[in-house]
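If you count the sequence shown from 1, you need to add 15 to reach the working numbering. Everything on this sheet refers to the single structure shown next.
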Amino acid sequence: MQITINNIPVEASGEETILRAARRAGIEIPSLCSAEGAVHKSSCMVCAVRSGAAGQIIPACTTLATEGMEIVTDSEDVLLVRTLSLELLLSDHRADCEAPCSMLCPSGLDVERMLGYYDTGQHREAAEMIRAAFPLPGKECDACKAPCEKACRRGTVDQAVTIRAIIREVIEKEHLPAGNEAPPRPPKDKNLFYSRLGRFTEKEKSRLKETVATPSRCLHCACAGRTDCKLRLYATAENIRRPRYDMSSSLPAMEKIHVGGRLWFEPAKCIRCGLCVYNSRNGFTFRDRGFGMQIVLPEENRPNVSEELAGLCPTGAIYLIEN
Ligand code: SF4
Ligand code: SF4
Ligand code: SF4
Ligand code: FES
């Protein structure tokens, strides 16, 4: 059969959704709650398109193509629905995309990643990052007002991570020579969307104080999924820079659940798309209904969950940490 998408004739088979027919024709429609080859139910409306004949806004991921259909993917009303859907999802999304310390280092050191190496005893790797950021390892930190430590989230829990002292320790341990040339740094992408988690509640502070006892005491604020998160990608593409609506999520910030092996789950980053529920047997499940609906992983179901779900999750809610 033939349909048109943005006035371009596109061949589609009877069992094909508009989303799949469009992508096969090289026309991109965003999608969050669906994934190629996975079971899904439409919920996010990020894939909204307009059906010309009926003038209706419909989800492209579940609507099957029918003969003569006229689809528009980029009209004003479609973009409005798409942006609104993303903004509503973001209003319920309590998480930092990037760590404040890394964002603020004037030398461009990814402080959080360096501390990740430090915490796992990979001091040589931490040293390599320091060497790449600083032409005169040690000197830059001595002369700096340390905005990284001032913005450190651990500082709002009890005491900021002693980033400069840790850098000095690594330099000494690894005998970093001073005087190398720092490579040019790529400029920060100001157009990127940044999700922010805001302030910790007193309860969250107590939990983090008790549970985060890595050698550096770093909370590791940056999102593990930040480089391939579809929510961030589409928010950026739709010119959303900051969340527009007040935060409505009551899920605990930075609650990181170790599922097993390399697999982790962070509920506050979940957009409740259901992909992990529909594609695991006795694994993730829905709890409650309406606004209070949550995705949970009962303890006894943890062994049933596979690492592949990290690839299906559109955000950084389910992720792998390499050992
Ligand atoms: S807790 Fe760690 S990642 Fe977060 S701001 Fe402080 S040093 Fe950076
Ligand atoms: S899941 Fe995506 S939007 Fe959320 S914090 Fe991570 S990168 Fe940012
Ligand atoms: S954890 Fe990920 S895959 Fe599961 S419902 Fe949440 S966002 Fe979707
Ligand atoms: S991708 Fe179609 S409704 Fe979410």
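Cβ atoms here follow ideal geometry from the backbone N, Cα and C, with glycine treated the same way. Note that the structure is predicted; figures quoted are calculated from it, not measured.
Three or more beta-carbon pairs separated by less than 8 Å are not found between the segment 53-69 and the segment 105-119, which leaves the two stretches without contact.
At a cut-off of 8 Å, the beta-carbon of residue 332 counts as near ligand 2: some heavy atom of the ligand is closer than that.
The DSSP-derived three-state label of residue 275 is strand.
With a 10 Å radius around the Cβ and a threshold of 16 neighbouring Cβ atoms, residue 88 comes out buried. Taking one beta carbon from each stretch, the segment 45-52 and the segment 243-252 have 3 or more pairs nearer than 8 Å; the two touch. In its chain, beyond the 5 residues on either side, 116, 175, 176 have a beta carbon closer than 6 Å to the beta carbon of residue 167. For residue 78, no pairing in a beta bridge is given by DSSP. Rounded to whole angstroms, the Cβ separation of residue 236 and residue 127 is 6 Å, and the two are in contact under 8 Å.
Secondary structure remark: continuous beta strand (DSSP E) runs of at least 3 residues inside the segment 67-123, in chain order: 71-74, 85-87.
DSSP places residue 299 outside both helix and strand once states are collapsed to three, so it counts as coil.
Remark: C-beta atoms of residue 274 and residue 333 approach each other more closely than 9 Å. 37 is the residue among 137, 37, 307, 284 whose C-alpha sits nearest the C-alpha of residue 23. Between ligand 4 and residue 308, a heavy atom-to-CB distance of less than 8 Å is absent.
Residue 91 and residue 285 have their C-alpha atoms some 28 Å from each other. Within the model, the alpha-carbon separation for residue 278 versus residue 216 is close to 27 Å. Taking a contact as a CB-CB distance under 8 Å, the pair residue 142 and residue 189 counts as one, their CB atoms being some 4 Å apart.
As DSSP reads the structure, residue 64 sits in a beta bridge with 73. Under the Cβ criterion (8 Å, minimum of three pairs), the segment 118-137 does not count as touching the segment 264-271. C-alpha of residue 67 to C-alpha of residue 81: approximately 12 Å in a straight line. Distance from the Cα of residue 157 is smallest, within the candidate group 144, 178, 169, for 178. Note: residue 334 is bridge-paired with 279 in the DSSP secondary-structure output. With the criterion CB distance below 6 Å from any heavy atom of ligand 4, the matching residues run 46, 47, 48, 49, 57, 58, 59, 60, 61, 62, 74, 76 along the chain. Per the Cβ contact rule, the segment 51-59 is in contact with the segment 288-308 (3 or more Cβ pairs under 8 Å).
By the beta-carbon neighbour count (other beta carbons within 10 angstroms, threshold 16), residue 241 is buried. Going down the chain, each residue whose beta-carbon is closer than 5 Å to a heavy atom of ligand 1 shows up: 114, 115, 116, 127, 167, 168, 169, 176, 233, 234, 236. Excluding sequence positions up to five before and after residue 259, its CB lies within less than 7 Å of the CB of 102, all in the same chain and listed in chain order.
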